[in-house]
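Counting from 5, one number per residue, gives the positions in the sequence shown under our numbering. Below is one structure, written out as structure tokens, with a few remarks after it.
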Amino acid sequence: MLKDNQKHNESVAPNSAFLSELQRALPEFFTADRYNEQGELIAKGGFDLAKFG
5 MLKDNQKHNE SVAPNSAFLS ELQRALPEFF TADRYNEQGE LIAKGGFDLA KFG
């Protein structure tokens, strides 16, 4: 049962519509995507829980 829950948790995706709404309302709590000199994505931006807390 524990392994089933862990597998399920790994496959859960965020609600993108809700995240988009939050990002429009509270942009100061989100980080931007970061790219290297070649334009390749280094780190995906997202919600910054440390700033929120």
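Each residue gets a CB set at the ideal place from its N, CA and C atoms; glycine is no exception.
In this structure, the CA atom of leucine 45 is about 22 angstroms from the CA atom of alanine 54. Arginine 38 is bridged by DSSP to Ala47. Judged by DSSP in its simplified three-state form, proline 31 adopts helix.
Shortest Cα-Cα distance from aspartate 52 to any of Gln42, Ala36 and Glu41 involves Ala36.
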